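Enquirer:
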Amino acid sequence: GSWFHKRLEFYRETPDVANNIMNVELKDRLEELKEICKTIGIKGESKDKVLDREKKDFACANAWYEVSMDLHTPQKIPTINQFLKQNHFRHLGSEVGIRLHMPHTHKTGKVMLTGMYDTLLYHENQNTIFIVDAKTTAGSPEERLITCPLEFQTQHYMMVLKFAIESGLVQKKYGLPEDVEVGGMIHIAIQKP
4 GSWFHKRLEF
14 YRETPDVANN
24 IMNVELKDRL
34 EELKEICKTI
44 GIKGESKDKV
54 LDREKKDFAC
64 ANAWYEVSMD
74 LHTPQKIPTI
84 NQFLKQNHFR
94 HLGSEVGIRL
104 HMPHTHKTGK
114 VMLTGMYDTL
124 LYHENQNTIF
134 IVDAKTTAGS
144 PEERLITCPL
154 EFQTQHYMMV
164 LKFAIESGLV
174 QKKYGLPEDV
184 EVGGMIHIAI
194 QKP
């Protein structure tokens, strides 16, 4: 799932550019794993297994991404790429972190709220911000999606974005109108083969 999410960050890039970025990401991750192995004393064949597993995970997730993003379904709905790249959406960012204090809490008991968003899209016609959240699943994508609206993450991410908008943080960062609102959360479920 992590490599799939990393590749999704670059959905707007050409395949060549995205592949180059991803290869650099893999190289960096392998170097990180080598350092970790060295620090904790993993050597030889054991270290090779760790690195090989990461390379395999990388290749699998990239394959899932390549197949799923342009997959046509029997329902004749837009592909994921077609949907995300609609003209009315403006890409605000990928892996966007928002961290703020919960409003209306006592000064000494401030609650810190944090959200890390896969992608934020601004719907220009509706003046709303949509959260895009990818889910890879070993089970049925339909069953996975059914639970999303009930999950804590969905409620939390929507609340954090709402508070960030109310505080003016999002409008300032992205040059959006003051009256922008939360549009909703778009879950993308990908079934792992």
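Each residue of the sequence shown is one higher than the one before, counting from 4 in the numbering used here.
Glycine included, C-beta positions come from ideal geometry on N, C-alpha and C.
If you're wondering where the values come from, they're calculated on a predicted model, not measured in any experiment.
How many Å lie between C151 and M161 at the Cα?
Expert: Stepping through the sequence shown from its first residue, residue 151 is reached at position 148. Stepping through the sequence shown from its first residue, residue 161 is reached at position 158. Distance between the alpha carbons of C151 and M161 is about 12 Å.
Enquirer: Reducing DSSP to helix, strand and coil, say where D136 ends up.
Expert: For the purposes of this step, residue 136 is taken as residue 133 along the sequence shown, with counting starting at 1. Correct three-state label for D136: strand.
Enquirer: What is the DSSP secondary structure of L123, reduced to helix, strand or coil?
Expert: In the sequence shown, residue 123 corresponds to position 120, counting from 1. L123 falls in the strand class under three-state DSSP.
Enquirer: List the residues that DSSP assigns as beta-bridge partners of A192.
Expert: As a first step, residue 192 is located in the sequence shown; it is residue number 189 there, counting from the start. In DSSP, A192 forms a bridge with K138.
Enquirer: Quick check: the Cα distance between A21 and F13, rounded to an integer number of angstroms?
Expert: By 1-based counting over the sequence shown, the position of residue 21 is 18. By 1-based counting over the sequence shown, the position of residue 13 is 10. Rounded to the nearest angstrom, the two C-alpha atoms are 6 Å apart.
Enquirer: According to DSSP, is M115 part of a helix, a strand, or is it coil?
Expert: In the sequence shown, residue 115 corresponds to position 112, counting from 1. Here M115 sits in strand by DSSP.
Enquirer: Verify whether the separation of the beta carbon atoms of A192 and T140 is less than 7 Å.
Expert: As a position in the sequence shown, residue 192 is number 189, starting the count at 1. As a position in the sequence shown, residue 140 is number 137, starting the count at 1. Yes. Within cutoff.
Enquirer: Can you tell me which residues form a DSSP beta bridge with F92?
Expert: To locate residue 92, count along the sequence shown from 1; it is residue 89. In DSSP, F92 forms a bridge with H126.
Enquirer: Kindly confirm or deny that the region 175-190 and the region 129-147 touch, where touching means at least three C-beta pairs closer than 8 Å.
Expert: Taking 8 Å as the limit for Cβ pairs, the verdict is that the region 129-147 does touch the region 175-190.
Enquirer: So who's on the other strand from R102, going by DSSP bridges?
Expert: Counting from 1 along the sequence shown, the entry for residue 102 is found at position 99. The partner list for R102 (beta bridge, DSSP) reads T117.
Enquirer: Using DSSP with H/G/I as helix, E/B as strand and the rest coil, what is S97?
Expert: Taking the sequence shown and counting its residues from 1, the one referred to as residue 97 is at position 94. Note: S97 maps to strand in three-state DSSP.
Enquirer: Ends of the alpha helix (DSSP H) at I45?
Expert: Here residue 45 is taken as the residue at index 42 of the sequence shown, counted from 1. It is not in any alpha helix (DSSP H) - I45 carries neither H nor E in the DSSP assignment.
Enquirer: If T122 sits next to S97, beta carbons under 8 Å apart, how far is it from one beta carbon to the other, in whole angstroms?
Expert: Looking up residue 122 in the sequence shown gives position 119. Looking up residue 97 in the sequence shown gives position 94. With 8 Å as the limit, T122 and S97 qualify as a contact, their Cβ atoms being about 5 Å apart.
Enquirer: Relative to the C-alpha of Q156, which residue among L124, K37 and T117 is closest?
Expert: Stepping through the sequence shown from its first residue, residue 156 is reached at position 153. Of the candidates L124, K37 and T117, the one whose C-alpha sits nearest the C-alpha of Q156 is T117.
Enquirer: Between which residues of its own chain and G4 is the CB-CB distance below 7 Å, once the five residues before and five after are set aside?
Expert: Start at 1 with the first residue of the sequence shown, and residue 4 comes out as number 1. Same-chain partners within the cutoff: T139.
Enquirer: What does DSSP give as the partner residues of G200 in its beta bridges?
Expert: Only positions 4 to 196 of the chain appear in the structure, and residue 200 is not among them; the question remains open.
Enquirer: Taking the alpha-carbon of R15 as reference, which of N26, Y120, H94 and L103 has the nearest alpha-carbon?
Expert: The count along the sequence shown starts at 1 and reaches residue 15 at position 12. It is H94.
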